[in-house]
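>
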Amino acid sequence: MKPKAIVSSKNKKEVNELAKLIEKYPIIGIVDMTNLPATQLQEMRLKLKENVVLRMGKKTLIKLAIDSSKKKEIKKLKDYVKGMPALILTKESPFKLANILKKSKTKVAAKSGQTAPNDIKVPAGPTSFSPGPIIGELGSAGIKAGIEGGKVIIKEDAIVVEEGQIIKRELAGLLSRLGIKPMEIGLNITGVYEDGVIYEKSVLEVDEKEYLEKVKLASSEAFRLAYSITYVTPENVKLLISKAYKDALGLAEGANIITKENIKQLLAKAERHAKSLNI
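In the working numbering, the protein residues as written are 27 to 305.
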């Protein structure tokens, strides 16, 4: 059995304050402030104060506060208390919260020894480098390079560091020379709780443009499928009625069944047939 942590009266007060905030807000997130300079933190707090409450604390105290909550499944949020953690609380949706935090970040160059927050990609395309040792440096980093028009070009996209890996000194220098700033200064969201569900960073930080395109594609494909199997929906009902009407007309005309819609066409057809018999 794991022994209970000894909590001082000062820490108990902090745990109680954190616990009250957790109960007050429907959306509770955990952010990692590792590598975030103090000046940047102050700027971000000012930007975010209208939408969210940011409360820093020690890992142990944040976990104790989460443990004290009666919200369903919230204890799973403890797994996302990492690095230099802070609680972030809001009444906005988890996705809106993630978007707010994303927009508040600043891109900076990578430093030796830092951990890659995401896969770091070097895109294909021209560079400003003249042929020389740079080709070997690119090759050492797993980047396929060539020469075109007297300049070094990168032949294809390359992932040089995967998420979670340490960035080496040589690679940090190379990325800086290529003008690639893979690091972001800001609050790094690790997980957000809402009504018994934990949303991870990978789910929250979706590309809005890409997401909308996928929704449009899914909508278009669903429409085509429903139309092809004659599944009636508010969106396709007019088209299906029009198609059914045209099909019925075609069937009636083919079988010489007289209706008020096709009588003229059938009489004209009969007349043509009669004339052909008189020839």
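We put the beta carbon where it would ideally sit given N, CA and C, even for glycine.
(1) Taking contact to mean at least 3 C-beta pairs separated by less than 8 Å, is the segment 83-101 in contact with the segment 249-258?
(2) Starting from the C-beta of A278, find all residues in its chain whose C-beta is less than 6 Å away, skip the five residues before and the five after it, and write them out in chain order.
(3) Tell me, please, whether the segment 175-191 touches the segment 141-149 by the rule of three or more beta-carbon pairs shorter than 8 Å.
(4) Helix, strand or coil: which one does DSSP assign to P120?
(5) DSSP on P29, reduced to helix/strand/coil?
(6) Per DSSP, L80 forms a beta bridge with which residues?
(7) Taking all protein chains shown into account, do 16 or more other C-beta atoms lie within 10 angstroms of the C-beta of V78, making it buried, or fewer, making it exposed?
(8) Tell me which residues share the same chain as K102 and place their Cβ nearer than 7 Å to its Cβ, disregarding the 5 neighbours each side in the sequence.
(9) Could you check whether the segment 116-128 touches the segment 176-188, counting it as contact only if at least three pairs of C-beta atoms, one from each stretch, sit closer than 8 Å?
(10) Under a Cβ-count criterion, where at least 16 other Cβ atoms within 10 Å of its own Cβ denotes burial, should D58 be classed as buried or exposed?
(11) Using 8 Å as the Cβ pair cut-off and three pairs as the minimum, do the segment 173-180 and the segment 236-244 touch?
(12) In or out: T384 buried (at least 16 other Cβ within 10 Å) or exposed?
(13) Would you grab the beta carbon distance between T116 and G212 for me? Rounded to a whole angstrom, and I think it's under 8 Å.
(14) From the DSSP output, read off the bridge partner residues of G172.
(15) Figure out for me which residue from V229, K147, L230 has the closest Cα to the Cα of A198.
(16) What does the Cβ neighbour count give for M27, buried or exposed, with the cut at 16 atoms within 10 Å?
(17) Roughly how far, in whole angstroms, is the beta-carbon of I88 from the beta-carbon of P111, given that I think they are within contact range, below 8 Å?
(18) So what's Y253 in DSSP terms, helix, strand or just coil?
(19) Relative to the C-alpha of Q66, which candidate in I48, V134, D273, K85 has its C-alpha closest?
(20) Would you identify the three-state DSSP class for T216, choosing helix, strand or coil?
(21) E43 to K73, Cα distance in whole Å?
(22) Whose C-alpha, out of A150, P260, G217, is nearest the C-alpha of I56?
(23) Tell me the DSSP bridge mates of V232?
(24) I need the DSSP call for I54, collapsed to helix, strand or coil.
(25) Can you tell me the Cβ-Cβ gap for L47 and R81, rounded? I've got them flagged as a contact below 8 Å.
(26) I'd like the list of long-range same chain contacts for T259, defined as Cβ closer than 7 Å, with 5 residues on each side in sequence excluded.
(27) May I ask you to report which of helix, strand or coil DSSP gives I267?
(28) What is the rounded straight-line gap between the Cα of S119 and the Cα of D105?
Reading it off the structure:
(1) no
(2) Position 252 of the sequence shown, counting from 1, holds the residue named residue 278. So the list reads T285, N288, once near-sequence residues are dropped.
(3) yes
(4) Position 94 of the sequence shown holds residue 120. Looking at P120 - three-state DSSP - the assignment turns out to be helix.
(5) Taking the sequence shown and counting its residues from 1, the one referred to as residue 29 is at position 3. With a pLDDT of only 49 at P29, under the threshold of 50, the placement of this residue in the model should not be trusted; the figure read from the coordinates follows. Coil at P29, not helix or strand.
(6) Numbered from its first residue, the sequence shown carries residue 80 at position 54. L80 is bridged to I114.
(7) For this step, residue 78 is matched to residue 52 along the sequence shown. With 16 or more other Cβ atoms within 10 Å, it is buried.
(8) Taking the first residue of the sequence shown as position 1, residue 102 is located at position 76. Around K102: I224.
(9) no
(10) Your numbering for residue 58 matches position 32 in the sequence shown. Classification for D58: buried.
(11) no
(12) Here the chain has residues from 27 to 305 only, and residue 384 is not among them.
(13) One-based indexing of the sequence shown puts residue 116 at position 90. One-based indexing of the sequence shown puts residue 212 at position 186. Not confirmed; about 16 Å, so no contact.
(14) Numbered from 1 along the sequence shown, position 146 holds the residue referred to as residue 172. G172 is bridged to I179.
(15) Counted from its first residue, the sequence shown places residue 198 at position 172. Of the listed residues, the one whose Cα sits closest to A198 is K147.
(16) Numbered from its first residue, the sequence shown carries residue 27 at position 1. Low per-residue confidence applies at M27: pLDDT is 47, beneath 50, and the placement is therefore not dependable, though the value from the model is reported in the following sentence. It counts as exposed.
(17) As a working mapping, residue 88 is identified with position 62 in the sequence shown. As a working mapping, residue 111 is identified with position 85 in the sequence shown. Sure, about 6 Å apart at Cβ, within 8 Å.
(18) By one-based count along the sequence shown, residue 253 stands at place 227. Note: Y253 maps to helix in three-state DSSP.
(19) Here residue 66 is taken as the residue at index 40 of the sequence shown, counted from 1. That would be V134, whose Cα lies nearest to the Cα of Q66.
(20) Here residue 216 refers to the residue found at position 190 when the sequence shown is read from its first residue. Three-state DSSP puts T216 in a strand.
(21) What you label residue 43 is simply residue 17 of the sequence shown in a count that begins at 1. What you label residue 73 is simply residue 47 of the sequence shown in a count that begins at 1. Between E43 and K73, the C-alpha separation is close to 23 Å.
(22) In the sequence shown, counting from the first residue as 1, residue 56 sits at position 30. Looking at the Cα atoms, G217 is the closest of the given residues.
(23) Sequence index remark: in the sequence shown, residue 232 carries index 206 (1-based). The partner list for V232 (beta bridge, DSSP) is empty, contrary to what the question assumes.
(24) For the purposes of this step, residue 54 is taken as the residue at position 28 of the sequence shown. I54 falls in the strand class under three-state DSSP.
(25) Along the sequence shown, read from residue 1 onward, the residue named residue 47 stands at position 21. Along the sequence shown, read from residue 1 onward, the residue named residue 81 stands at position 55. L47 to R81, Cβ: 6 Å. Contact.
(26) Translated into the one-based positions of the sequence shown, residue 259 becomes position 233. Counting only Cβ-Cβ distances below 7 Å, and skipping sequence neighbours, we find A252.
(27) Counting from 1 along the sequence shown, the entry for residue 267 is found at position 241. Here I267 sits in helix by DSSP.
(28) Taking the first residue of the sequence shown as position 1, residue 119 is located at position 93. Taking the first residue of the sequence shown as position 1, residue 105 is located at position 79. Taking the straight line joining both Cα atoms gives about 21 Å.
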